[in-house]
């Protein structure tokens, strides 16, 4: 009778518990995880008045829970993760001490009963995890969960709506709807989630717009919108998100522009626009500093640059990049001159198919170590100033089949270790100064079909000359 813990983890052949389990008045913890043959719990479980933790993780044969579970008023943790045959959770409105309700991967769960306003309720609940509840079509009213900090609905594939009533959820810090491909909208009052730090909407393919109240989420740090294929724009109010650090827009092909107010994102460190194939313009400024002006000269740069990573791969409609030095995946400490992101480490413009040349200003990027221009199929030349990049270690020009030559002073790139020219079919020769690249270890010339001769470069660790059909002399 004095037993406080029952741990039957991994008893895979256990089919049922005896009714006598209810005669353990001091029991506080019951762990039945991986009891894969267990079909249910006895009604006498209602007698365990001191039970604080009930774990049924991966009890794959359980189809329901006894109603008496609502009598476990001291219960703090109810973990039902992986109960794949569980179809509903019974009324639990009396569980006033419950802090964690985990229904992750209960993929047959169609309803959470008695979890609306009358629950009075689960006022202590901090974590509500419904990830992977693929059969769940509607969410309960959670407006009374005033202590809720994390609400996870990731991969609830049939979920279409969330009623919201967000005003009382003043402690909610993380809201995740990743993979909810049927979710069409967010509540208009989403901005009332004043403590929210993470909003994850990745893969919400039916989401067309975000509420204007988004700008009221003044503590938001991460906004994930990857794969929101129907998203056409962002609200102007996004500029009020002064603490936003990461904005992910990868794979949003319907997105055509970013609002000018994005300059207000003064804490932004990552802006990922990869695969936004119809994004035709970016704002002239971001957080008061030079960013990129597709059709005009850029604005004035300031010294408070925070942006570290900007991904613009596979942008087919960005026709001009007049200030290329700022369109990058980069790391910035301070900016003192226009066009001079002096701590820039990586510039990645892979797949910018309309890019024909680089700005002469690229030579100012004294700390640049990686320059990736692969599949820039319209790139015809490189500026001589590029060879001022004394720290450059990797230069990738793979698939630049319009590139007719390399700068004659390429030998000035004394730190260059890897030079990739595979598929540069317009190249007929390499400059003699390439022999001065003392640090060069890899030279990839595969399929440079019009290359006729090679300079004498004997210290290479790897040199790929496959399919160099025009090569007549080594």
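Numbering (my numbering), first residue to last: 779 to 1252. Virtual Cβ for every residue (Gly too), placed ideally from N, Cα, C. Fair warning: this is a prediction, and the values are worked out from it, not measured in the lab.
Legend entry - For residue 885 and residue 1092, the rounded distance between their alpha carbons: Low confidence applies to residue 1092: its pLDDT is 45, below 50, so where it sits in the model is not reliable enough to give any reading.
Inset, instruction - Flag this pair as yes or no: are the beta carbons of residue 1133 and residue 1154 separated by less than 8 Å? - result: Yes, Cβ-Cβ distance for residue 1133 and residue 1154 is below 8 Å.
Legend entry - Opposing strand residues paired with residue 976 [DSSP bridges]: Partner(s): 952 and 1000.
Inset, instruction - Give the straight-line distance between the Cα atoms of residue 1047 and residue 1026, rounded to the nearest whole angstrom. - result: In a straight line, the C-alpha of residue 1047 is about 11 Å away from that of residue 1026.
Inset, instruction - Grab the span of the beta strand (DSSP E) containing residue 807 for me, first residue to last. - result: Element bounds for residue 807: 807-809.
Legend entry - Terminal residues of the beta strand (DSSP E) in which residue 880 lies: 878-880 is the extent of the beta strand (DSSP E) around residue 880.
Inset, instruction - Evaluate residue 808 with the Cβ neighbour count: other Cβ atoms within 10 Å of its Cβ, from every protein chain shown; 16 or more gives buried, anything less gives exposed. - result: With a 10 Å radius around the Cβ and a threshold of 16 neighbouring Cβ atoms, residue 808 comes out buried.
Legend entry - Own chain, CB closer than 8 Å to residue 1131, minus 5 neighbours either side, in chain order: Here the set comprises 1094, 1153, 1154, 1155 and 1156.
Inset, instruction - Can you give me the Cβ contacts of residue 1182 inside the same chain, cut-off strictly under 6 Å, excluding the 5 residues immediately before and after it? - result: Within the same chain, 1204 come within 6 Å of residue 1182 by CB-CB distance, once the 5 residues on both sides are set aside.
Legend entry - 7 Å CB neighbourhood of residue 823 in its chain, flanking five on each side removed: Cβ neighbours of residue 823 within its own chain (closer than 7 Å, five residues either side excluded): 799, 800, 844, 846 and 847.
Legend entry - Status (buried if at least 16 other CB within 10 Å, exposed otherwise) for residue 986: Exposed, by the Cβ-count rule.
Legend entry - Beta-carbon proximity check, residue 972 vs residue 997, cutoff 8 Å: With a cutoff of 8 Å on beta-carbon distance, residue 972 and residue 997 are scored as near each other.
Inset, instruction - State the Cα-Cα distance for the pair residue 819 and residue 1039, rounded to the nearest angstrom. - result: The straight-line gap from Cα to Cα measures roughly 56 Å.
Legend entry - Sequence-distant residues of its chain with Cβ nearer than 7 Å to residue 793 (five each side left out): So the list reads 815, 816 and 817, once near-sequence residues are dropped.
Legend entry - beta strand (DSSP E) runs contained entirely in the region 1145-1212, provided each spans 3 or more residues: Listed in chain order, they are 1148-1150, 1172-1174 and 1196-1198.
Inset, instruction - Mark residue 782 as exposed unless 16 or more other C-beta atoms lie within 10 angstroms of its C-beta, in which case mark it buried. - result: Exposed is the call here.
Legend entry - Selected residue, minimal CA-CA separation from residue 932, among 1043, 967 and 883: Closest in C-alpha terms to residue 932, from the list 1043, 967 and 883, comes 883.
Inset, instruction - Take the Cβ of residue 1029 as the centre, count every other Cβ of all protein chains shown within 10 Å, and call the residue buried at 16 or more, exposed below. - result: Buried, because 16 or more other Cβ atoms sit within 10 Å of the Cβ of residue 1029.
Legend entry - Delimiting residues of the beta strand (DSSP E) encompassing residue 855: Residue range 855-857 is occupied by the beta strand (DSSP E) that includes residue 855.
Legend entry - Burial state of residue 827 (16 or more Cβ within 10 Å): Looking at its Cβ environment, which holds fewer than 16 other Cβ atoms inside 10 Å, residue 827 is exposed.
Legend entry - Backbone CA spacing between residue 1220 and residue 1140 [nearest angstrom]: Their Cα atoms are separated by approximately 23 Å.
Inset, instruction - Verify whether the separation of the beta carbon atoms of residue 1158 and residue 1180 is less than 8 Å. - result: Between residue 1158 and residue 1180, the C-beta spacing is below 8 Å.
Inset, instruction - Quick one: give me the first and last residue of the beta strand (DSSP E) that residue 924 is part of. - result: Counting along the chain, residue 924 sits inside no beta strand (DSSP E), nor does DSSP assign it H or E at all.
Inset, instruction - For the beta strand (DSSP E) containing residue 833, list its first residue and its last residue. - result: It spans 831-833 - the beta strand (DSSP E) in which residue 833 sits, taken as one unbroken run.
Inset, instruction - In angstroms with no decimal places, state the Cα-to-Cα distance between residue 1226 and residue 1138. - result: Just so you know, the alpha carbons of residue 1226 and residue 1138 end up roughly 26 Å apart.
Inset, instruction - Look at the alpha carbon of residue 832 and the alpha carbon of residue 881, and state the distance between them as a whole number of angstroms. - result: Near 13 Å, if we compare the C-alpha coordinates of residue 881 and residue 832.
Inset, instruction - Could you tell me which residues DSSP pairs with residue 784 in its beta bridges? - result: Residue 784 has 808 as its beta-bridge partners, per DSSP.
Inset, instruction - Find the nearest neighbour of residue 1187 within the set 1014, 1050, 1175 and 1208, judged by alpha-carbon distance. - result: Per the Cα distances, 1208.
Legend entry - Per DSSP, the bridge partner or partners of residue 916: Answer is 939.
Inset, instruction - Report all residues from its chain with a CB closer than 8 Å to the CB of residue 1169; omit the five preceding and five following residues, and keep chain order. - result: Closer than 8 Å at Cβ, skipping near neighbours: 1144, 1145, 1146, 1147 and 1193.
Legend entry - Euclidean distance between Cα positions of residue 994 and residue 1033: In a straight line, the C-alpha of residue 994 is about 22 Å away from that of residue 1033.
Inset, instruction - Could you spell out where the beta strand (DSSP E) holding residue 724 opens and where it closes? - result: This structure does not reach residue 724, given that the chain is present from 779 up to 1252, and the question cannot be answered.
Legend entry - Alpha carbon of residue 992 to alpha carbon of residue 967, nearest angstrom: Straight-line measurement puts the Cα of residue 967 at about 8 Å from the Cα of residue 992.
Legend entry - Spatial distance of residue 979 from residue 957 (CA atoms): Each residue's alpha carbon lies about 7 Å from the other.
Inset, instruction - Please go through the same chain and pick out, in chain order, the residues whose beta-carbon is closer than 6 Å to the beta-carbon of residue 849, but skip the five residues on each side of it. - result: Within the same chain, residue 849 has close Cβ partners 824.
Inset, instruction - From the DSSP output, read off the bridge partner residues of residue 793. - result: Residue pairing by DSSP places residue 793 opposite no residue, since no beta bridge is assigned to it.
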